[in-house]
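Heads up: the sequence shown is residues -16 to 59, going by the numbering used here. Think of the CB as a built atom: it goes at the ideal place given N, C-alpha and C, for glycine as much as any other residue.
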Amino acid sequence: MPNIYRTCRYKNENYLFHCLEQFSNVIGPSVAIGGHLGGQISHVFALIEDRKGNIQRVDPTMITFTDDEFSKYFLE
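In structure tokens, the structure reads:
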């Protein structure tokens, strides 16, 4: 079975990247006069794992991949 994880760095620590997650939640209307009417909010998160096996949900723009996966797809 091929390795499906990618190595990455987040806040100067090493992690394994598992996947991207689309997370949605329903919010109620604002209690403020003229506030929002409520609805659904959505975010994309990266799921990463530390050396102790702890999984974190983080902003994907804050991780940097450290493997050389890019070179398999593009010639430099």
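From the DSSP output, in three-state form, read off residue i for me.
i     : result
Phe53 : helix
Ala15 : coil
Under the assumption that residue i contacts residue j (Cβ atoms under 8 Å), give the Cβ distance between them as a whole number of angstroms.
i        : j        : result
Glu32    : Arg(-11) : Between Arg(-11) and Glu32 the Cβ distance is about 11 Å, and since that is not below 8 Å, they are no contact.
Leu30    : Glu4     : 6 Å
Ile(-13) : Ser7     : Incorrect: roughly 25 Å between the Cβ atoms, too far for contact.
With DSSP as the reference, identify every bridge partner of residue i, one or two as the case may be.
i     : result
Leu20 : Answer is none; Leu20 lacks a bridge partner.
Ile46 : Tyr(-7)
Asn8  : Ile24
Tell me where the beta strand (DSSP E) around residue i begins and ends.
i     : result
Arg40 : 38 to 41
What's the gap between the Cα of residue i and the Cα of residue j?
i       : j     : result
Leu(-1) : Ser54 : 19 Å
Ser13   : Asn37 : 35 Å
Val27   : Pro43 : 7 Å
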